[in-house]
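As structure tokens, the structure follows; a few thoughts come after it.
2 protein chains.
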Amino acid sequence: MIASHNPGKVIEIKALVNPFGIVVISSGELGLVEPEETGSTFAENARIKAEAAAMVADEPALSDDSGLCVAALDGAPGVFSARWAGPNRDFRAAMARIEAELKRNGAQDARAWFVCSLALAAPGQQTEIFEGRAFGTLIFPPRGTRGFGYDPIFVPENYRQTFGEMDPGLKHSISHRAKAFAKLVQSAFGAP
Amino acid sequence: MIASHNPGKVIEIKALVNPFGIVVISSGELGLVEPEETGSTFAENARIKAEAAAMVADEPALSDDSGLCVAALDGAPGVFSARWAGPNRDFRAAMARIEAELKRNGAQDARAWFVCSLALAAPGQQTEIFEGRAFGTLIFPPRGTRGFGYDPIFVPENYRQTFGEMDPGLKHSISHRAKAFAKLVQSAFGAP
Numbered sequence: 034m035i036a037s038h039n040p041g042k043v044i045e046i047k048a049l050v051n052p053f054g055i056v057v058i059s060s061g062e063l064g065l066v067e068p069e070e071t072g073s074t075f076a077e078n079a080r081i082k083a084e085a086a087a088m089v090a091d092e093p094a095l096s097d098d099s100g101l102c103v104a105a106l107d108g109a110p111g112v113f114s115a116r117w118a119g120p121n122r123d124f125r126a127a128m129a130r131i132e133a134e135l136k137r138n139g140a141q142d143a144r145a146w147f148v149c150s151l152a153l154a155a156p157g158q159q160t161e162i163f164e165g166r167a168f169g170t171l172i173f174p175p176r177g178t179r180g181f182g183y184d185p186i187f188v189p190e191n192y193r194q195t196f197g198e199m200d201p202g203l204k205h206s207i208s209h210r211a212k213a214f215a216k217l218v219q220s221a222f223g224a225p
Numbered sequence: 034m035i036a037s038h039n040p041g042k043v044i045e046i047k048a049l050v051n052p053f054g055i056v057v058i059s060s061g062e063l064g065l066v067e068p069e070e071t072g073s074t075f076a077e078n079a080r081i082k083a084e085a086a087a088m089v090a091d092e093p094a095l096s097d098d099s100g101l102c103v104a105a106l107d108g109a110p111g112v113f114s115a116r117w118a119g120p121n122r123d124f125r126a127a128m129a130r131i132e133a134e135l136k137r138n139g140a141q142d143a144r145a146w147f148v149c150s151l152a153l154a155a156p157g158q159q160t161e162i163f164e165g166r167a168f169g170t171l172i173f174p175p176r177g178t179r180g181f182g183y184d185p186i187f188v189p190e191n192y193r194q195t196f197g198e199m200d201p202g203l204k205h206s207i208s209h210r211a212k213a214f215a216k217l218v219q220s221a222f223g224a225p
């Protein structure tokens with residue numbers, strides 16, 4: 034089970050685990066209530082969600098906590114990435130807020146990175162955490178309608194398109210989520 | 034008035050503004066209640082504290098929000114820096130947690146930076162924010178008994194001592210707090 038209510042994340046996770054023949058059911062589809070994300074790191078939030086789902090469902094659960102860290106904002110929005118978009122998941126507003134905070138700062142530094150922390154929890158077992166990062170730079174105004182969240186302002190290093198413009202297959206091969214999944218797969222099935 | 038209940042911060046702020054002949058009273062000394070720090074950035078928290086103090090006291094108030102950002106922890110503890118030390122301000126435990134999280138990560142990157150965000154609020158005026166950063170690397174185990182908070186694990190760039198070992202006068206000339214104050218002074222009195 035995937036402990037996530039975020040449709041964009043669930044679609045990406047399904048695409049990533051599809052080649053392994055794993056059937057994915059999201060906690061939203063199961064009707065489970067998402068616990069409060071009270072952690073101060075991505076790993077802590079991923080752990081909270083996976084352990085809550087594993088306990089309620091009494092089966093292994095995989096959760097994803099992810100977000101965008103902006104260097105000139107000391108890592109913000111970070112674990113607050115979803116909250117900056119508010120209850121209506123308004124990421125246009127959240128991207129505009131990043132632009133405004135950088136302007137207020139007079140920031141010259143456009144570096145940013147996405148983080149994905151995956152937690153794999155199972156009843157009676159130690160939870161495992163796998164993390165991936167994608168480094169890049171921010172660009173304004175937002176570009177592209179693919180992906181979700183902050184994708185339209187993020188240009189991954191070595192590429193010219195934003196995650197919002199990029200072919201989903203390419204994004205899934207270089208993203209923070211792909212890197213975290215690669216670590217999970219390597220841990221589960223051994224080194225390739 | 035200084036909107037801070039943290040004795041270490043108040044001592045440093047007094048030392049920094051002393052040369053300007055400014056008398057400093059902390060909000061703790063005045064018996065004001067510290068508002069909840071609900072912000073997701075240092076600037077937001079500094080603003081919350083200064084505006085609350087200015088409103089209650091009906092006079093200009095200066096507040097300080099600061100913390101340590103660790104590169105390999107995506108900026109954590111960041112705005113959670115005080116909270117990681119818990120209600121007893123146990124920074125030994127907070128420093129041990131940073132060490133443990135870096136080990137769990139297998140992190141090779143020891144870069145970190147302190148941030149100080151000063152907010153100057155006055156009744157009926159726009160609040161002004163001044164920020165300073167001190168970049169450096171982390172070292173374990175902690176060294177030195179001077180300063181406060183995370184000072185004993187932070188070696189500022191171009192120096193070999195931690196902030197916990199360094200002469201306070203030297204620290205006050207290179208710290209994140211000194212840089213933020215330099216911006217405040219420049220804004221208040223013009224360029225030197």
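Those protein sequences? They're chains Z and F, same order as listed.
Sequence positions in the first sequence follow our numbering and run 34 to 225.
Sequence positions in the second sequence follow our numbering and run 34 to 225.
Each residue gets a CB set at the ideal place from its N, CA and C atoms; glycine is no exception.
* Asked: If we count the other Cβ atoms within 10 Å of its Cβ and call it buried at 16 or more, is LEU203/F buried or exposed?
  -> exposed
* **CA-to-CA distance, PHE75/F to ALA86/Z, given in whole angstroms** => 33 Å
* Contacts of PRO110/Z in chain F (Cβ-Cβ under 8 Å) -> SER73
* To do: Throw me the rounded Cβ distance for the GLY108/Z and ASP97/F pair, which I believe falls under 8 Å.
  => Rounded, the Cβ-Cβ distance is 19 Å, inconsistent with contact.
* Asked: Cβ of PHE187/F within 8 Å of Cβ of GLY169/F?
  -> Yes, the Cβ-Cβ distance between PHE187/F and GLY169/F is below 8 Å.
* To do: Kindly indicate the opening and closing residues of the beta strand (DSSP E) around GLY202/Z.
  => In the DSSP annotation of this structure, GLY202/Z is not part of any beta strand (DSSP E); the continuous alpha helix (DSSP H) holding it starts and ends at 201–207.
* Between which two residues does the alpha helix (DSSP H) containing ARG125/Z stretch? -> Counting along the chain, the alpha helix (DSSP H) containing ARG125/Z begins and ends at 124–138.
* Asked: Hey, out of THR71/F, ASN39/F and PRO93/F, whose CA is closest to GLN158/F's CA?
  -> Sorting THR71/F, ASN39/F and PRO93/F by C-alpha distance to the C-alpha of GLN158/F places PRO93/F at the top.
* Asked: Applying a beta-carbon distance threshold of less than 8 Å, which residues of chain F neighbour CYS102/Z?
  -> ASP107 and GLY108
* Does DSSP put GLY72/Z in a helix, a strand or coil? -> coil
* Asked: Under the three-state reduction of DSSP, which class applies to PHE187/F: helix, strand or coil?
  -> Of the three classes helix, strand and coil, the one that applies to PHE187/F here is strand, per DSSP.
* For PHE113/Z and chain F, any beta-carbon pair shorter than 8 Å? -> Closer than 8 Å to some Cβ of chain F, the Cβ of PHE113/Z qualifies, so yes.
* Could you please tell me which residues of the segment 143–156 of chain Z, in chain order, have their CB closer than 8 Å to any CB of chain C? => The structure shown contains no chain C; its protein chains are Z and F.
* Going by Cα to Cα distance, which pick from PRO189/F, ASP200/F, LYS42/F and ASN78/F is closest to ARG179/F? -> ASP200/F
* Show which residues of chain Z have a CB atom less than 8 Å away from the CB atom of ALA116/F. => Sequence check: residue 116/F is Arg here, not Ala. SER73, listed in chain order.
* To do: Helix, strand or coil for ILE44/Z, going by three-state DSSP, please let me know.
  => helix
* For the alpha helix (DSSP H) holding ALA105/F, just list the boundary residues, first then last. => From DSSP, ALA105/F is part of no alpha helix (DSSP H); its letter is neither H nor E.
* **Endpoints, beta strand (DSSP E) assigned at ALA154/F** => Segment 144–154, the beta strand (DSSP E) holding ALA154/F.
* ALA90/Z to ARG130/Z span [Cα, whole Å] -> 38 Å
* To do: Quickly, what does DSSP pair ARG210/Z with across the bridge? List them, please.
  => Partner(s): none; ARG210/Z has no beta bridge.
* To do: Specify the secondary structure class of ALA167/Z as computed by DSSP and reduced to three states.
  => strand
* To do: Could you name the residues of the same chain whose beta carbon sits closer than 8 Å to that of SER73/F, not counting the 5 residues immediately before and after it, in chain order?
  => Taken in chain order, the residues that qualify are VAL112.
* Enclosing alpha helix (DSSP H) for ARG116/Z [first to last residue] -> 114–117
* According to the neighbour-count rule (16 or more other Cβ atoms, all chains shown, within 10 Å of its Cβ), is GLU69/Z buried or exposed? -> exposed
* Going by other Cβ atoms of all chains shown within 10 Å of its Cβ, with 16 needed for buried, is SER99/Z buried or exposed? -> buried
* Give me whichever residues DSSP pairs with ASP98/F in a beta bridge. => Looking at the DSSP assignment, ASP98/F forms a beta bridge with SER150/F.
* Kindly indicate which residue of PHE147/Z, GLU161/Z, LEU95/Z and ASN138/Z has the alpha-carbon position closest to the one of ARG137/F. => If you compare the alpha carbons of PHE147/Z, GLU161/Z, LEU95/Z and ASN138/Z with that of ARG137/F, the shortest gap goes to GLU161/Z.
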